[in-house]
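Residue numbers (the working numbering), protein chains in the order written: chain U, 1 to 497; chain G, 1 to 497.
For reference, the structure is listed below as structure tokens.
This is the structure:
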């Protein structure tokens, strides 16, 4: 029985009637990872073909703010020109902690030691950086300035682990077009290197030879099946699985608690991951996701305290909002309240979809209005205020600069409910890969001829509670490049695993 | 380049020099799932061969208490003879909630409707049941009695969802030999059916033909490679991955917080799951695990309250201890305290490795001795007592029969710390399968010729917070049987997915 090839059913070489197209390296997906892979493979002398399902380049990367997390080595030009020095060890320790209990040390080390050169590379590809710095905690400033504090650097427990330093690097772009500008530069470079690109072309299935080496790709174009030979290998850069309802249910069911705010360019259907699995690649950390809650600006709201449906606090509110949102998803119940007093209250941003749930002259009144169990919210605020007055937060270790007793009435509870407020999200799980992009089985053996990068792989960002803005695009571009170089060699890497 | 076959690298049919052994159905693993599969396949007329890595039958199943979770249809003989009636719908609703946000409804429905007949089948295989009932919350009674309340039936939120009923069915066995007795009966039946068994034989890799159908198994015996033909299919019943350090780190890193108390017969190395992945089978729920904390007996301790390292309560303490331990792993920090007063205190069991952390005449004294943040533990106890006096627990919904103000000094905090107390554990993630055992890819297509059951598959128990004692062996035996029947037909099932 012959079956139609699909992402989860590879095509055997002897089922290929003839090759319609040939290249050394075939890259699936023209987002940040795919573009970076194509550039490096082409520069290494390979004939490269990009297969892109959309009608243009960019993918989900182009929708992002364009932030790239970089530092170490004394500092990037943007860091040093603003008076920041950043040691490779601090950068490494921060990134390692951000990777969670299963951080990929080899990958983190390569990134920490290579980030400075990577910034130069980005500039050489034509990505514009103004090298200016915005202090405070800006979220998507959209001013064209470069350097921002984009993670939990100054927040516990990261601040105990590594000297804080701003490491988010934004392209010179206005509004929220940073990702677009980044991808325009990379795509222009891809074209100038003579890389072929097929748009409106869907990677349908991998082609494997008798020795189980990946040697090509079945592609659907205008409803027609095309067979593309890849003598050096296939690099899967097809994004994550945030739009695949079945995969979400089976791998990350907690996502069903969020409103429909998936971050995607429209094609994160998990087909890259599924193609890797079809030939024995292991998919890891599939339950991990990025989500966030833009509860500031206004920055004053960081001085508020977040409580769950039982009136209990659960995290330091000065952590990166992505870490906070991950903790929110770990709580039972879908109601969350940001408690503020008159001194710090401002209208929440429209974007956040945070509304006012209750207002009162006393916290007892607010507690009653929210129908919380008697004594819960009141004692949470009381314990917080008791310590905040001394500039301390022994429970959650919020930095003293964000500590303030909530004692100036009227008081308000702002609703940050799951399923209601804006919690954008994307997936962090993906194929297990070496830093070279070589896809690995569960035994740690490479699948010959197969590479992955970006959110099709499980890379640097693999733990929702450790995410900082700029980590995913940093991973996409840095390790996309490595995968491109590796695939161009046609040889397995030396590193064991 | 020819590579050595391994669990993650299948062997191509044309690499098989000759067949050393042949069978219709090859079963990998002789625990509860493998035995049940072999019995049904043999009864359907198939020539069956079991490959077992250990020197005898039993696997991890034989180490368990032997509890099987059964009910519905008005009640099993053990239920009705003790005055319990149990509707299929209540049983279904309980099992569905226990399966969590991604419960497999089709599987739950089949199980709820087939459990009564399954009890008969177990008795027909010779498993001895005394049909007696032990009231209360016994844990591993070891008396040979049959029926126990083995889950969260009477606890919120399950009690809101389904009428509580005891559904744990233990074989007539003394001490902790229930699993052993169960497996002895099944193994005797396997032998009487003329099933061939190879012990000390390791399933090394699947053999696939050019159409990617699984048609055999590479087996290592005494260091020699043997090729086993399976014309009807291979059923993987090789257990979970709780002994595979690399897989634990990548799939369930939270396990590193526990002491070395893995529940395993010695061979849960994930090789079954890895073999399935090697031919495109998807492994799902790999982050989910079962763990528990035997903080009772003494039953009086259920009236205590559990707090985390921040002095906060987080669950109703009358839930199944496996649910409680899962919630414990969701908390930040590794210190946990069971708070008791003089009226309910008894010495914790030696098994539990729970020790006395602090004693005081007031809760303030206990709070200080534990070095908890001032006011935290005290306000937790105060809020609990305030409501417990009225027989209420509005925060966590503990049943009133377990509610008691903790107001009789001296007071004590019992240390239930992660990494210190006894939290036995095993893995719940595994291959995605139809109820028939057919292994599915991420796209939901069956991998021809491949089946899985028991903890190699992701079955009924797939959510740590929903586990009840007896669910895993219930799943192993019930769906092991279905896989055996299906494989014996040599045909794919009709059900879509």
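A virtual CB, placed ideally from N, CA and C, is assigned to each residue, including glycine.
Taking Cβ to Cβ, would you say residue i is nearer than 9 angstroms to residue j?
i: residue 78(U); j: residue 131(U); result: yes
i: residue 203(G); j: residue 190(G); result: no
i: residue 7(G); j: residue 205(G); result: yes
i: residue 66(U); j: residue 34(U); result: no
i: residue 393(G); j: residue 316(G); result: yes
i: residue 49(G); j: residue 230(G); result: yes
i: residue 264(U); j: residue 238(U); result: no
i: residue 92(G); j: residue 113(G); result: yes
i: residue 293(G); j: residue 324(G); result: yes
i: residue 374(U); j: residue 386(G); result: yes
i: residue 462(U); j: residue 207(U); result: no
i: residue 179(G); j: residue 456(G); result: no
i: residue 129(G); j: residue 470(G); result: no
i: residue 90(G); j: residue 162(G); result: yes
i: residue 214(G); j: residue 38(G); result: no
i: residue 150(G); j: residue 168(G); result: yes
Looking at the secondary structure, which residues open and close the beta strand (DSSP E) in which residue i lies?
i: residue 502(U); result: Any question about residue 502(U) goes unanswered here, given that chain U covers just 1 to 497.
i: residue 191(U); result: Note, residue 191(U): premise wrong, no beta strand (DSSP E); alpha helix (DSSP H) at 178-192.
i: residue 229(U); result: 224-236
i: residue 414(U); result: 411-415
i: residue 360(G); result: 355-360
i: residue 451(G); result: 446-452
i: residue 94(G); result: Looking at the DSSP string, residue 94(G) is not in any beta strand (DSSP E); the run it does join, the alpha helix (DSSP H), is 88-98.
i: residue 305(U); result: 305-307
i: residue 338(G); result: 337-340
i: residue 28(U); result: 21-28
What residue does the alpha helix (DSSP H) around residue i start on, and which one ends it?
i: residue 216(U); result: Premise fails: residue 216(U) lies in the beta strand (DSSP E), 214-221, not in any alpha helix (DSSP H).
i: residue 378(G); result: 376-388
i: residue 114(U); result: 105-124
i: residue 324(G); result: 321-330
i: residue 246(G); result: 245-251
i: residue 158(G); result: 158-161
i: residue 489(G); result: 471-489
Taking residue i and residue j to be in contact with their CB atoms under 8 angstroms, please state how far apart those CB atoms are, rounded to whole angstroms.
i: residue 248(U); j: residue 334(U); result: So it is not a contact: roughly 17 angstroms between Cβ atoms.
i: residue 242(U); j: residue 425(U); result: 7 angstroms
i: residue 99(G); j: residue 460(G); result: 7 angstroms
i: residue 12(G); j: residue 232(G); result: Not quite, the Cβ-Cβ distance comes to about 20 angstroms (not below 8 angstroms), so this is no contact.
i: residue 106(G); j: residue 435(G); result: 6 angstroms
i: residue 444(U); j: residue 4(G); result: That pair is no contact at about 14 angstroms.
Strictly below 8 angstroms CB to CB, what residues from chain U border residue i?
i: residue 250(G); result: 102, 282, 284, 285, 432
i: residue 376(G); result: 383, 395
i: residue 373(G); result: 383, 387, 394, 395
What does residue i reach in chain U if we use C-beta pairs closer than 9 angstroms?
i: residue 109(G); result: Those within 9 angstroms of residue 109(G) in chain U number zero; the least Cβ separation is about 17 angstroms.
i: residue 445(G); result: 3, 6, 8, 9
i: residue 441(G); result: 6, 7, 8, 9, 274, 277, 278
I want to verify the contact list: residues of chain G whose CB lies under 9 angstroms from the CB of residue i, in sequence order.
i: residue 12(U); result: 210, 211, 212
Mind listing the chain G neighbours of residue i? Cutoff is C-beta to C-beta under 8 angstroms, in chain order.
i: residue 270(U); result: 442
Cβ closer than 7 angstroms: which chain G residues qualify as neighbours of residue i?
i: residue 312(U); result: 312
Below 7 angstroms on C-beta distance, what does residue i contact in chain U?
i: residue 330(G); result: 330
Within 9 angstroms of any Cβ in chain A, is that where the Cβ of residue i sits?
i: residue 479(U); result: Going by chain labels, chain A is absent from the structure shown, which instead holds the protein chains U and G.
### Message
Beta carbons nearer than 9 angstroms to chain G: which residues of the region 380-411 of chain U have them?
### Response
Of all residues in the region 380-411 of chain U, the ones placed with a Cβ closer than 9 angstroms to any Cβ belonging to chain G are 380, 382, 383, 386, 387, 394, 395, 396, in chain order.
Next on the checklist: Please list, in chain order, the residues of the region 275-295 of chain G that have any C-beta partner in chain U closer than 9 angstroms.
Outcome noted: The region 275-295 of chain G vs chain U, Cβ under 9 angstroms: 277, 278, 279, 280, 281, 282, 283, 284, 285, 286, 287, 288.
Name, going along the chain, the residues of the region 236-264 of chain U whose beta-carbon falls closer than 8 angstroms to a beta-carbon of chain G.
For the region 236-264 of chain U, which is checked against every Cβ of chain G, the residues closer than 8 angstroms are 246, 247, 249, 250, 251, 253, 254, 256.
When you check each C-beta in the region 210-234 of chain G against every C-beta of chain U, which residues fall closer than 8 angstroms?
Identification of residues in the region 210-234 of chain G having a C-beta nearer than 8 angstroms to some C-beta of chain U yields 210, 211, 212, given in sequence order.
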